[in-house]
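Numbered according to my numbering, the sequence shown spans residues 2 to 184.
C-beta atoms are modelled at their ideal positions from N, C-alpha and C, and glycine is treated no differently.
Shown next, in structure tokens, is the structure this report addresses.
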Amino acid sequence: MREELIDIVTREGKPTGKIALKSIIHTKGYYHNTAHIWFYSSDGKILLAQRAASKTICPLLWDVSVAGHVDAGESIEAAAIRETKEELGFDIIAKSLKKIGVFECIQTYDNGIIDNEFHYTFVAKLPVELHTIKFDTHEVAAVKLVSIPEFEALLDNSNKNNHFVASNSNYYKFVLQHIQNQL
2 MREELIDIVT REGKPTGKIA LKSIIHTKGY YHNTAHIWFY SSDGKILLAQ
52 RAASKTICPL LWDVSVAGHV DAGESIEAAA IRETKEELGF DIIAKSLKKI
102 GVFECIQTYD NGIIDNEFHY TFVAKLPVEL HTIKFDTHEV AAVKLVSIPE
152 FEALLDNSNK NNHFVASNSN YYKFVLQHIQ NQL
């Protein structure tokens, strides 16, 4: 698998015109963009993806339905569409994405990764049935739909249950509010 080339942005999220390999981005702590898509079902459930065991950051924790780096020269929406196809195996179109915000995520991990990202975050109605999702096992270990009360309970106990990335609690609450607004 070829390593991704990613656009470097400034601390304020502005393009620099420079690109680097993903490994360099994470070693040097360069700011860069990611696309996050949170899918919800028509009956008010949220699609969660369990990160693959092989992931270098937060393996086996449950998180956003789809997330990925924006490739060099790629638009945010194109990255969201591409990442959905790569990770979950189904197609979406740009007009199905509702942008809810851009979130700064500044984290350093014990394995040396310096992750300075801007999460361009979207919500979208899940266009397929759960059983038809063909996820990429290099990225995703499992997928599931959870009700809003179940999501809230898991989140409230994330410091103890090792379910969600506990440091992302405020982000999850913001996303949950926007999903509830869509229902």
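query	result
What residues in its chain sit with their C-beta under 7 Å from that of T11, if we drop five residues either side in the sequence?	T17, Y32
In the structure shown, what three-state DSSP assignment does L184 receive?	coil
Roughly how far, in whole angstroms, is the beta-carbon of A102 from the beta-carbon of T122, given that I think they are within contact range, below 8 Å?	Here the sequence assigns Gly to residue 102, which means Ala is not the residue at that position. Going by Cβ atoms, the distance from G102 to T122 rounds to 5 Å, so yes, they are a contact pair.
What is the DSSP secondary structure of T238, reduced to helix, strand or coil?	Lying outside 2 to 184, the shown extent of the chain, residue 238 is not represented and no answer is given.
What would DSSP say about E75, mapped onto helix, strand or coil?	coil
Who are the near neighbours of A142 in its chain, counting only those whose CB is closer than 7 Å to its CB and skipping five residues on each side?	Q51, R52, A53, A54, L61
May I ask which residues mark the beginning and end of the beta strand (DSSP E) holding A154?	Here A154 belongs to no beta strand (DSSP E); instead the alpha helix (DSSP H) covers 149 to 157.
Is L49 buried or exposed, if buried means 16 or more other CB atoms sit within 10 Å of its CB?	buried
When DSSP builds the beta bridges, which residues end up paired with T35?	H70, H120
I need the straight-line Cα distance from D44 to T28, nearest angstrom please.	42 Å
For the pair the region 133 to 148 and the region 109 to 125, tell me if three or more CB-CB distances fall below 8 Å.	no
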